[in-house]
Amino acid sequence: MKILVTGFTPFGNDTVNPSWEAVSRLPDEIDGATVQKVLLPVEYRRVRTLLEERLRNDMPDAVMCVGQAGGRAMITPEKVAINCMDASLPDQAGLLASDLPVREDGPTAYFSALPIKGMVSAMQQSGIPGALSYSAGTYVCNSTMYHLLDLIAQLQLPVRGGFVHVPFLCEQTVGRAPSTASLPLPCIIEGLKACITAIVQTDTGSNTDVHGYTH
Ligand code: PCA
291 MKILVTGFTP
301 FGNDTVNPSW
311 EAVSRLPDEI
321 DGATVQKVLL
331 PVEYRRVRTL
341 LEERLRNDMP
351 DAVMCVGQAG
361 GRAMITPEKV
371 AINCMDASLP
381 DQAGLLASDL
391 PVREDGPTAY
401 FSALPIKGMV
411 SAMQQSGIPG
421 ALSYSAGTYV
431 CNSTMYHLLD
441 LIAQLQLPVR
451 GGFVHVPFLC
461 EQTVGRAPST
471 ASLPLPCIIE
481 GLKACITAIV
491 QTDTGSNTDV
501 HGYTH
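When you read off a place in the sequence shown, starting at 1, and then add 290, the result is the number in the numbering used here.
1. Please state whether DSSP places Val-295 in a helix, a strand or coil.
2. Going by DSSP in three states, Cys-355 sits in which element: helix, strand or coil?
3. When the Cα of Met-349 is compared with those of Pro-419, Asn-373 and Thr-324, which residue comes out closest?
4. What's the C-alpha gap between Ser-425 and Pro-317?
5. Within 10 angstroms of its Cβ, does Pro-457 collect 16 or more other Cβ (buried), or is it exposed?
6. Hey, how far is the Cα of Ala-471 from the Cα of Gly-361?
7. Between Ala-377 and Tyr-436, which are expected to be in contact by the criterion C-beta below 8 Å, what is the C-beta distance as a whole number of angstroms?
8. Measure the Cβ-Cβ separation of Ile-293 and Ala-352 and say whether it is below 7 Å.
9. With Ala-399 as the anchor, note down where its beta strand (DSSP E) starts and where it stops.
10. When we look at the beta-carbon of Glu-461 and count the other beta-carbons within 10 Å, is it buried (16 or more) or exposed?
11. Is it a yes or a no for the stretch 339-347 touching the stretch 404-424, going by three-plus beta-carbon pairs under 8 Å?
12. Within 10 angstroms of the Cβ of Asp-381, are there 16 or more other Cβ atoms? Answer buried if so, exposed if not.
13. Specify, as a first and last residue, the run of the alpha helix (DSSP H) that Thr-487 falls within.
14. Is there at least one non-hydrogen atom of the ligand FAD closer than 6 Å to the beta-carbon of Val-370?
15. Over what stretch of residues does the alpha helix (DSSP H) that includes Lys-407 continue unbroken?
16. Extract the residue ranges of the beta strand (DSSP E) inside the stretch 364-394, only unbroken runs of 3 or more that lie entirely within it.
17. Beta-carbon within less than 8 Å of Ile-486's beta-carbon, same chain only, minus the 5 sequence neighbours each way: which residues are those?
18. Assign Asp-389 to one of two classes, buried (16 or more other C-beta atoms within 10 Å of its C-beta) or exposed (fewer than that).
19. At the level of alpha carbons, what is the spacing between Gly-297 and Ala-312?
20. Could you name the residues of the same chain whose beta carbon sits closer than 7 Å to that of Ser-416, not counting the 5 residues immediately before and after it, in chain order?
21. With which residues is Ala-323 paired in a DSSP beta bridge?
22. To the nearest angstrom, how far is it from the Cα of Cys-431 to the Cα of Glu-368?
23. If you reduce the DSSP assignment to three classes, tell me which class Ser-423 lands in.
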């Protein structure tokens, strides 16, 4: 099977984004699955175009988007993406979204199609702090998860999609409040590897039939 894993560029005042730092260092193969890595800009709208290109051209079996959730202490697979963009920070294209829909007239929300509980268990069994999250926020990570699941639904693709938030890297907490949580990079990489293993182990191979060939 083929898994597309995305990370984001740095945004706000940060010069690194732990999502891309970790995603870019993942091996090219995990548990027999091919891992393809893609860097996404922190832009509400361009993400949709880029994801659609990747879905159409690469035909992955699963897509796991990854982003930074500064302040969280654990690696958190997200349950749900909502049709709302609302943040005090503009995106990298300068869009300041105040209670806008991700897609006009789109469904209120989409649930992750990834095995999120299995991903949390796999992380915990590897000694990595993982937990479920029931809100991906209302900034670009939430809209990215929404676009991904909306594209998969609209294009009727046999693809499992979802999103994982990761904490700050240790060095990003310098200058922040003393209680700011973080994880070392190797720990985030191991956590994402455990998530991918859980995805691979729940693959049914059903895409083979739909596309008429084996990925
Ligand atoms: N985190 C932001 C957007 C990009 C990222 O890495 C978020 O949580 O929305």
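From the three backbone atoms N, C-alpha and C, an ideal C-beta is built for every residue, glycine too.
Reading from the atomic positions:
1. strand
2. strand
3. Thr-324
4. 29 Å
5. buried
6. 5 Å
7. Not a contact, Cβ separation roughly 14 Å.
8. yes
9. 399-401
10. exposed
11. no
12. buried
13. 475-491
14. Here the bound small molecules are the ligand PCA; the ligand FAD is not part of this structure.
15. 406-415
16. 370-372
17. Ile-293, Val-295, Leu-316, Ile-320, Asp-321, Ala-323, Val-325 and Met-354
18. exposed
19. 8 Å
20. Glu-480 and Ala-484
21. Ile-320
22. 10 Å
23. strand
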